[in-house]
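There are 2 protein chains.
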Amino acid sequence: MNGALTVVGLGPGGPHWLTPEAATILHGADALYGYGPYLDRVPVRAGQSRHVSDNREEGARAAAALRHAATGANVALVSGGDPGVFAMAAAACEQIERGEAQFKQLEFAVVPGITAMLAVAARVGAPLGHDFCAISLSDNLKPWELVERRLDAAAGAGFVIALYNPISRARPWQLGKAFERLRRHLPAATPVVFGRAVGRADETVAVAALERADPSQADMATLIIVGSPATRVIERPGRAPLVYTPRSADGAGA
Amino acid sequence: MNGALTVVGLGPGGPHWLTPEAATILHGADALYGYGPYLDRVPVRAGQSRHVSDNREEGARAAAALRHAATGANVALVSGGDPGVFAMAAAACEQIERGEAQFKQLEFAVVPGITAMLAVAARVGAPLGHDFCAISLSDNLKPWELVERRLDAAAGAGFVIALYNPISRARPWQLGKAFERLRRHLPAATPVVFGRAVGRADETVAVAALERADPSQADMATLIIVGSPATRVIERPGRAPLVYTPRSADGAGA
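Quick mapping for you: the protein sequence lines, in order, are chains A and B. Counting in the numbering used here, the first sequence runs from 70 upward without gaps. Counting in the numbering used here, the second sequence runs from 70 upward without gaps.
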């Protein structure tokens, strides 16, 4: 079977973060599949078909892309950020494992991209400079108790924490609960970074102390980074403060 | 003061993972600072100075780049992977906080890149498809007991674990100890991915069960991903197996 599916990461923002590899694969594909706003970021090429789907239909979208590839086509499934981080690569693997038997015979590849936490971190300094974790607050995919257990474990062990999918119409209270939970473990002054639409024209970045971090500042396009007790804020005259986590656990540098 | 320092991520491998933003900044800089093998990946441009340093001198390298920027120059400090993940962005922030007072007046920016765990994950499927963490095994920057506490916390709470800086001449036993520690928490069959020099001509990727994971397979260029109990291996006829972690905690998909 000659068909191929490639899951392609666009990065979090504009074309300045799209890798040459991703651009080449997107240009060469016979067909593109993806959520509308992501497909809108890919230049139109004559002779290439486009298949737009809703954001909630990840499994169905991956299956449709695999079925198309099984006809012998070279299909690209686009993903925001990095496809491997709370995105389309796992959805495609789920379909390869459990879907039609022919899906296992297809060529399958993933093209990495810059994931949102790296872009947000870059905007403020280096908050992910020491051990860190990434947690999705989307509790339609796991029980809320498990989210809390992971927040406890991560904060208790000194990880910086990146929160993906912090809030949505279907998930209005989770971020507030997460902040409450983290306040049990972390100092009141722990820096919290809100990075919204980073890399896009409407980008906003804000830093707040955990005790005053306001969940209503976040929306679906926001990625949040909660510091560890080691995370520091550098005030600078006439410039925005920097947020970073020293490489050394005792903050002594090297 | 007009000087500027930009810390630029090259991504983990060849030019296909260098973002357009990084390429633009590197081309426009008056001076480049960095570890030799990273600088070797940046095309030479006439009129641009190059300042090579040893890999162990991160603090001194960052300070030298900042002092150069303070003369009014536009300086780029190159970093492998993403500068914010166990790399040069935190080293630069440390110098801005504690070094010469003038460093706080400089323009400072970070250009994100693809970090090694994303590239390694892409090669095998989607092992980082659910909650995950990144831990550096470099214990010259933290006590080994803290590394073990974080391994315990992460494995116990079901995070997939990416291990950076797994081994070196100065750090020969840490990876073996880490595997031993993780075997206390995780099933014997848990997939472990060894990704070496991913994106380069000498790339190798291997997958082993945790019970048989051999630390001697890793070197300084290796990034390791240890699955969670939910991580799965998909066998495919005539193709390399895929490794992925389902998006849903119960593995049911969505």
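For each residue, glycine too, the CB sits at the ideal point set by N, CA and C.
In chain order, which alpha helix (DSSP H) runs of at least 4 residues are fully inside the region 191 to 254 of chain A?
Every unbroken stretch of the alpha helix (DSSP H) spanning 4 or more residues and falling wholly within the region 191 to 254 of chain A is given here in chain order: 213 to 225, 243 to 252.
Between the region 137 to 145 of chain A and the region 167 to 174 of chain B, do at least 3 Cβ pairs fall closer than 8 angstroms?
Counting Cβ pairs under 8 angstroms, fewer than three are found: no touch.
Looking at the ligand NAP, does it come within less than 7 angstroms of B:A270, judged from the CB to the closest heavy atom?
With respect to the ligand NAP, the structure offers nothing, as it holds no ligand at all.
Take A:P284 and list the residues in its own chain whose beta-carbon comes closer than 7 angstroms to its own, dropping the five residues that flank it on each side.
Residue 284 of chain A sits at position 215 when you count from the first residue of the first sequence. Here the set comprises I236, L244, G245, F248.
Output, in chain order, the set of chain A residues within a Cβ distance shorter than 7 angstroms of B:S205.
Position 136 of the second sequence holds residue 205 of chain B. By Cβ distance, chain A contributes D200.
Of the residues that make up the region 233 to 259 of chain A, which ones have a beta carbon closer than 7 angstroms to any beta carbon in chain B?
The residues in question: there are none.
When the Cα atoms are used, what is the spatial distance from A:A266 to A:S205?
In the first sequence, residue 266 of chain A corresponds to position 197, counting from 1. In the first sequence, residue 205 of chain A corresponds to position 136, counting from 1. Between A:A266 and A:S205, the C-alpha separation is close to 17 angstroms.
Give the straight-line distance between the Cα atoms of B:P212 and B:D221, rounded to the nearest whole angstrom.
For this step, residue 212 of chain B is matched to residue 143 along the second sequence. For this step, residue 221 of chain B is matched to residue 152 along the second sequence. If you take the alpha carbons of B:P212 and B:D221, they lie about 15 angstroms apart.
Report the start-end ranges of each alpha helix (DSSP H) in the region 135 to 189 of chain B that is 4 residues or longer and not cut off at the edges.
157 to 167, all fully within the region 135 to 189 of chain B.
Using a Cβ-Cβ cutoff of less than 7 angstroms, which residues in the same chain neighbour B:L108 once the five nearest sequence positions on both sides are dropped?
The sequence position of residue 108 of chain B within the second sequence is 39, counting from 1. So the qualifying residues of the chain are L101, R119, V121, V147.
Nearest by alpha-carbon distance to A:A258: which of A:V302, A:D123, A:M289, A:A287 is it?
By 1-based counting over the first sequence, the position of residue 258 of chain A is 189. Nearest C-alpha to A:A258: A:V302.
Counting C-beta neighbours from all protein chains within 10 Å, is the total for B:M186 16 or more, i.e. buried, or is it exposed?
One-based indexing of the second sequence puts residue 186 of chain B at position 117. Buried, because 16 or more other Cβ atoms sit within 10 Å of the Cβ of B:M186.
Could you tell me whether any Cβ in chain C is nearer than 8 angstroms to the Cβ of B:I293?
Of the chains in the structure shown, none is chain C; the protein chains are A and B.
Since I believe B:G78 is in contact with B:D123 (beta carbons under 8 angstroms), could you give me their beta-carbon distance rounded to a whole number of angstroms?
Residue numbering aside, residue 123 of chain B sits at position 54 when the second sequence is read from its first letter. Residue numbering aside, residue 78 of chain B sits at position 9 when the second sequence is read from its first letter. So it is not a contact: roughly 20 angstroms between Cβ atoms.
If you follow the alpha helix (DSSP H) that A:H120 is in, where does it begin and where does it stop?
Stepping through the first sequence from its first residue, residue 120 of chain A is reached at position 51. No alpha helix (DSSP H) contains A:H120, which is instead part of the beta strand (DSSP E) from 118 to 122.
Go ahead and pull the three-state DSSP assignment for A:L95.
Translated into positions along the first sequence, residue 95 of chain A becomes position 26. The answer is helix: DSSP assigns A:L95 an H, G or I state.
Please identify the residue among B:P181, B:V295, B:D200 whose C-alpha is closest to the C-alpha of A:N88.
Counted from its first residue, the first sequence places residue 88 of chain A at position 19. Residue identity differs from the one stated: residue 88 of chain A is Thr in this sequence, not Asn. Out of B:P181, B:V295, B:D200, B:P181 has the C-alpha closest to the C-alpha of A:T88.
Straight-line CA distance for B:A299 to A:C202?
The residue labelled residue 299 of chain B in the question sits at position 230 within the second sequence. The residue labelled residue 202 of chain A in the question sits at position 133 within the first sequence. Taking the straight line joining both Cα atoms gives about 17 angstroms.
Less than 8 angstroms between CB atoms is the rule here; does B:S317 satisfy it with respect to chain A?
The count along the second sequence starts at 1 and reaches residue 317 of chain B at position 248. Yes, its Cβ sits closer than 8 angstroms to a Cβ of chain A.
Using a Cβ cut-off of 9 angstroms, which residues of the region 137 to 161 of chain B contact any Cβ in chain A, in chain order?
D151, P152, G153, V154, F155, A156, M157, A158, A159, A160, A161
Any idea which residues DSSP pairs B:A278 with across the strands?
Mapped onto the second sequence, residue 278 of chain B falls at position 209. Answer is B:P260, bridged to B:A278.
Between A:A188 and A:A231, what straight-line distance do the alpha-carbon atoms span, to the nearest angstrom?
On the first sequence, residue 188 of chain A is found 119 positions in, with the first residue counted as 1. On the first sequence, residue 231 of chain A is found 162 positions in, with the first residue counted as 1. Taking the straight line from one Cα to the other gives about 12 angstroms.
A:A129 to B:P81, Cα distance in whole Å?
Residue mapping note: residue 129 of chain A aligns to position 60 of the first sequence, counting from 1. Residue mapping note: residue 81 of chain B aligns to position 12 of the second sequence, counting from 1. Cα to Cα, the separation comes out at about 32 angstroms.
Helix, strand or coil: how does DSSP classify A:G128 here?
Along the first sequence, one-based indexing puts residue 128 of chain A at 59. Helix at A:G128.
Leaving out five residues before and five after B:A161 in sequence, what residues of the same chain have Cβ atoms less than 6 angstroms from its Cβ?
Walking along the second sequence from the start, residue 161 of chain B turns up at place 92. Correct list, in chain order: V76, A131.
If you compare alpha carbons, which of A:V113, A:E163, A:L311, A:P306 is closest to A:V274?
On the first sequence, residue 274 of chain A is found 205 positions in, with the first residue counted as 1. Taking only the C-alpha atoms, the option nearest A:V274 is A:L311.
According to the neighbour-count rule (16 or more other Cβ atoms, all chains shown, within 10 Å of its Cβ), is A:W242 buried or exposed?
Indexing the first sequence from 1 puts residue 242 of chain A at position 173. With fewer than 16 neighbouring CB atoms inside 10 Å of its own CB, A:W242 falls in the exposed class.
Name, in chain order, the residues that DSSP records as bridge partners for A:L74.
Position 5 of the first sequence, counting from 1, holds the residue named residue 74 of chain A. Answer is A:V144, A:F177.
Where A:A115 and A:G141 are concerned, what is the direct C-alpha to C-alpha distance, given to the nearest angstrom?
In the first sequence, the residue the question calls residue 115 of chain A occupies position 46. In the first sequence, the residue the question calls residue 141 of chain A occupies position 72. Those two C-alpha atoms are separated by around 19 angstroms.
Can you name, in chain order, every residue of its own chain whose Cβ lies under 6 angstroms from the Cβ of A:R308, other than the five neighbours on each side?
Here residue 308 of chain A is taken as the residue at index 239 of the first sequence, counted from 1. If we look at A:R308 and ignore the five residues flanking it on each side, it has no Cβ neighbours.
Kindly identify the DSSP beta-bridge partner or partners of B:A299.
Residue 299 of chain B sits at position 230 when you count from the first residue of the second sequence. Partner(s): none; B:A299 has no beta bridge.
Taking 8 angstroms as the CB-CB cut-off, is B:G322 touching chain A?
Locating residue 322 of chain B in the second sequence gives position 253, counting from the first residue. Annotation note: pLDDT 42 at B:G322 (below 50); position unreliable, coordinate value reported separately. Yes, B:G322 counts as interfacial toward chain A.
Quick check on B:A309: does DSSP put it in helix, strand or coil?
On the second sequence, position 240 is the one that residue 309 of chain B refers to. In the structure shown, B:A309 sits in a strand (DSSP, three-state: E or B).
Quick check: A:G296 and A:V229, are their CB atoms within less than 8 angstroms of each other?
On the first sequence, position 227 is the one that residue 296 of chain A refers to. On the first sequence, position 160 is the one that residue 229 of chain A refers to. Yes, Cβ-Cβ distance for A:G296 and A:V229 is below 8 angstroms.
Leaving out five residues on either side along the sequence, give the residues of the same chain with a beta carbon under 7 angstroms from the beta carbon of B:N234.
In the second sequence, the residue the question calls residue 234 of chain B occupies position 165. Excluding sequence neighbours, B:N234 sits near F155, S205, L206, S207.
Report the rounded CA-to-CA distance for A:H96 versus A:G268, giving the unit in angstroms.
Within the first sequence, the letter at position 27 stands for residue 96 of chain A. Within the first sequence, the letter at position 199 stands for residue 268 of chain A. A:H96 and A:G268: Cα-Cα distance of roughly 22 angstroms.
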